[in-house]
Amino acid sequence: MNGPTLRAQRLLYPALVAVVLLGGWQALVSGLKLPPYLVPSPVLMLQTLVTDWAALFGALLVTLKITVLSFAVATLVGVLISFVFVQSRAIETALFPYAVLLQVTPIVAVAPLIIIWVKNPTASLVLCAALVALFPIISNTTLGLRSVDPDLQSYFALNRAGRLQTLVRLRVPSALPYFFGGLRISSGLALIGAVVAEFVAGTGGAATGLAYQILMAGYQLNIPRMFAALLLISLTGVALFVLMAWLSKLALGSWHASELSRD
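As structure tokens, this is what we get:
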């Protein structure tokens, strides 16, 4: 099966599933005559998205800003920590449990403290979201840096390559597939972390994100607007995943088996 056919299937099959689900949702709401304050129909949700676009789009930009900044911070810090871990098993053994501790600690438990300690609202939200997105970068990148062909490692040692040369010329290329896998996970977690941090912060005003729009819609029983905001969050998450997959294809498509495979 050729490449264009596969690409068409990757678009067609999810689109068909979406049509079936949305059609069933619309039919169920119309057939049972469910009121909008319980479950809005897809048509009403899209109408609300159009009519409230100005407010929702402005909130989306705020949430997206927090997401991008936190994702960048998590990527930079996670890669640097992975570089430290790979230098010594003792360092990794001593510090990796604390990275796991960050992952398993609920962000809703620590976010209020961060918001109190960090006076700048944007910085506090970015820090909260970055903590959520950090672990996949550390875990995947460290695993990739460790997953080096023993023969190639022996070859580098035979040629007396230094730590920096081995890291840059051997470990980093070997770790790229794992790193991009971590990016795909972390990008979605950064968005989730940004929304959760906005919920915890609960700030109002003009420069507020989608979480505040959802909260206000809930207080006002404006459920169609709430669903419209949730739709924007979902579409943003899908767009981030697609972007990370595209970057992975761009970086690995010409040489790595994970991107060359057509199965």
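Numbering (this note's numbering), first residue to last: 6 to 268. Just so you know, even glycine gets a beta-carbon here, dropped at the ideal spot from N, CA and C. Treat the numbers as computed from the prediction; the structure is a model and nothing was measured.
Identify, in the order they occur along the chain, each residue of the same chain with its Cβ nearer than 8 Å to the Cβ of residue i, setting aside the five sequence neighbours on each side.
i           : result
residue 152 : 179, 180 and 183
residue 213 : 64, 67 and 203
residue 91  : 97, 147, 150, 151, 172 and 176
residue 193 : 242, 245 and 246
What did DSSP end up calling residue i once you bin it into helix, strand or coil?
i           : result
residue 125 : coil
residue 227 : coil
residue 187 : helix
residue 137 : helix
residue 160 : helix
residue 83  : helix
residue 44  : coil
residue 93  : coil
residue 152 : coil
residue 174 : helix
residue 111 : coil
residue 12  : helix
residue 166 : coil
residue 39  : coil
residue 258 : coil
If you check the beta carbons only, do residue i and residue j fall under 7 Å apart?
i           : j           : result
residue 134 : residue 228 : no
residue 136 : residue 107 : yes
residue 185 : residue 253 : yes
residue 47  : residue 30  : yes
residue 112 : residue 201 : yes
residue 41  : residue 49  : yes
Rounded to the nearest angstrom, how far is the Cβ of residue i from that of residue j, given a contact under 8 Å?
i           : j           : result
residue 141 : residue 187 : 4 Å
residue 171 : residue 161 : 5 Å
residue 195 : residue 79  : 6 Å
residue 4   : residue 138 : Lying before the first or after the last residue shown, residue 4 is absent from the chain, which here runs from 6 to 268.
residue 158 : residue 60  : Incorrect: roughly 56 Å between the Cβ atoms, too far for contact.
residue 189 : residue 99  : Rounded, the Cβ-Cβ distance is 29 Å, inconsistent with contact.
residue 236 : residue 54  : 7 Å
Under a Cβ-count criterion, where at least 16 other Cβ atoms within 10 Å of its own Cβ denotes burial, should residue i be classed as buried or exposed?
i           : result
residue 149 : buried
residue 168 : exposed
residue 176 : buried
residue 233 : buried
residue 45  : buried
residue 174 : exposed
residue 209 : Because the pLDDT at residue 209 is just 49, under 50, the model does not fix this residue reliably, and the value given afterwards should be weighed accordingly. Per the 10 Å Cβ criterion, exposed.
residue 225 : exposed
residue 13  : exposed
residue 230 : buried
residue 163 : exposed
residue 258 : exposed
residue 35  : exposed
residue 28  : exposed
residue 145 : buried
residue 131 : buried
residue 223 : exposed
In its own chain, which residues sit with a C-beta less than 6 Å from the C-beta of residue i, not counting the 5 before and 5 after it?
i           : result
residue 238 : 215
residue 16  : none
residue 22  : none
residue 120 : 129 and 206
Ordered along the chain, which non-local residues of its own chain (more than five positions away) have a Cβ less than 7 Å from that of residue i?
i           : result
residue 197 : 137
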